[in-house]
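**Q**
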Amino acid sequence: MENNKLNLKNKLNTNSEILNPYVPEISTVNKIIKETPNIISLQIKIDDEEKMKNFKFKPGQVGQLSVFGYGESTFVINSSPSKNDFLQFTVMKTGVTTSAIHNLNEGEKVGLRAPLGNWFPYEDMEGKNILFVGGGIGLAPLRPLLLYMLENRSKYEKLTFIYGAKTPEDVCFKYDIEDWEKSDDIEVFITIDTACYGWDKEVGLCPDVLERLAPSPDNTVAITCGPPIMIKYVLGVLEKLGFENR
Numbered sequence: 006m007e008n009n010k011l012n013l014k015n016k017l018n019t020n021s022e023i024l025n026p027y028v029p030e031i032s033t034v035n036k037i038i039k040e041t042p043n044i045i046s047l048q049i050k051i052d053d054e055e056k057m058k059n060f061k062f063k064p065g066q067v068g069q070l071s072v073f074g075y076g077e078s079t080f081v082i083n084s085s086p087s088k089n090d091f092l093q094f095t096v097m098k099t100g101v102t103t104s105a106i107h108n109l110n111e112g113e114k115v116g117l118r119a120p121l122g123n124w125f126p127y128e129d130m131e132g133k134n135i136l137f138v139g140g141g142i143g144l145a146p147l148r149p150l151l152l153y154m155l156e157n158r159s160k161y162e163k164l165t166f167i168y169g170a171k172t173p174e175d176v177c178f179k180y181d182i183e184d185w186e187k188s189d190d191i192e193v194f195i196t197i198d199t200a201c202y203g204w205d206k207e208v209g210l211c212p213d214v215l216e217r218l219a220p221s222p223d224n225t226v227a228i229t230c231g232p233p234i235m236i237k238y239v240l241g242v243l244e245k246l247g248f249e250n251r
């Protein structure tokens with residue numbers, strides 16, 4: 006049914022709102038944030054001020070980030086789509102290009118081809134309850150959509166956010182989560198795999214927390230992103246709760 010949706014992020018697909026699909030824009034790394042021991046976020050600005058000023062993207066779209074001499078990789082743009090003072094990308098160190106990105110310093114140059122790909126149908130979600138379920142670095146694709154909805158709060162009903170990580174050290178975007186936990190605009194549940202000293206929040210996997218909370222599928226859209234095994238079991242719980250997989 007239309008009101009019981011389960012939306013998954015679409016795969017990479019180009020659209021017409023791009024600077025140039027073939028030529029990387031020279032950009033500068035303005036700030037580097039260490040999220041976890043092996044994940045960083047980069048805030049970059051396109052050097053051409055006019056192009057930076059006019060840059061627009063939609064939640065869920067990606068960019069091709071290149072480190073000269075090493076290669077190019079695809080990352081979701083996870084800054085706010087409502088602001089254009091910088092673009093943020095979050096990168097886990099997994100190979101040659103991502104290692105080169107981790108070795109960058111503030112002030113260095115990179116190449117950027119963006120925006121690319123499909124986006125979340127956020128306009129279709131207006132007037133609905135929104136349930137976010139994210140795990141690990143899977144919060145990165147959800148972040149721009151969540152930021153957009155918080156910035157346009159009156160367009161959406163109840164916002165619920167469930168996020169899981171292996172340990173407290175592995176929690177991404179801690180600065181965001183701390184703000185969201187203090188906000189009356191969103192209900193937040195943070196969980197880690199196993200209990201540890203000093204942790205006073207949820208313990209267990211995201212599907213377990215989701216099943217315990219048992220949100221109603223009525224007028225609710227669920228959006229999930231994270232490790233494939235997490236998504237598999239989250240989908241199972243959502244279907245059991247009455248959500249339709251679309």
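Okay, so the sequence shown: first residue is 6 according to our numbering, each after it adds one. Even for Gly, the Cβ is constructed at its ideal location relative to N, Cα and C.
Is residue 6 helix, strand or coil by DSSP?
**A** Only weak support exists for where residue 6 lies, its pLDDT of 40 falling under 50; the coordinates are left without a value.
**Q** Do residue 88 and residue 33 have their CB atoms nearer than 8 Å?
**A** no
**Q** Figure out for me which residue from 45, 236, 170 and 64 has the closest Cα to the Cα of residue 104.
**A** 45
**Q** At the level of alpha carbons, what is the spacing between residue 223 and residue 121?
**A** 33 Å
**Q** How should residue 159 be labelled, buried or exposed, when 16 other C-beta atoms within 10 angstroms of its C-beta is the threshold for buried?
**A** exposed
**Q** Would a C-beta distance cut-off of 8 Å place residue 220 and residue 238 closer than the cut-off?
**A** Against a cut-off of 8 Å, the Cβ pair of residue 238 and residue 220 comes out as no contact.
**Q** Could you give the DSSP three-state label for residue 104: helix, strand or coil?
**A** helix
**Q** Residue 181 to residue 84, Cα distance in whole Å?
**A** Residue 181 and residue 84 have their alpha carbons spaced roughly 11 Å apart.
**Q** Give the secondary structure of residue 177 by DSSP, where H, G and I count as helix, E and B as strand, and everything else as coil.
**A** coil
**Q** Compute the distance between the beta-carbons of residue 145 and residue 81, then report whether it is under 8 Å.
**A** yes
**Q** Which class does residue 28 belong to by DSSP, given the choice of helix, strand or coil?
**A** Residue 28: coil per DSSP, three-state reduction.
**Q** As a quick exercise: from 232, 60 and 127, pick the residue whose alpha carbon is nearest that of residue 138.
**A** 232
**Q** Could you work out which residue in 141, 140 and 135 is closest to residue 2 when comparing CA atoms only?
**A** Look at the range of the chain in this structure, 6 to 251, and you will see that residue 2 is not part of it.
**Q** Can you list, in chain order, the residues of its chain whose CB lies under 7 Å from that of residue 131, leaving out five sequence neighbours each side?
**A** 160 and 161
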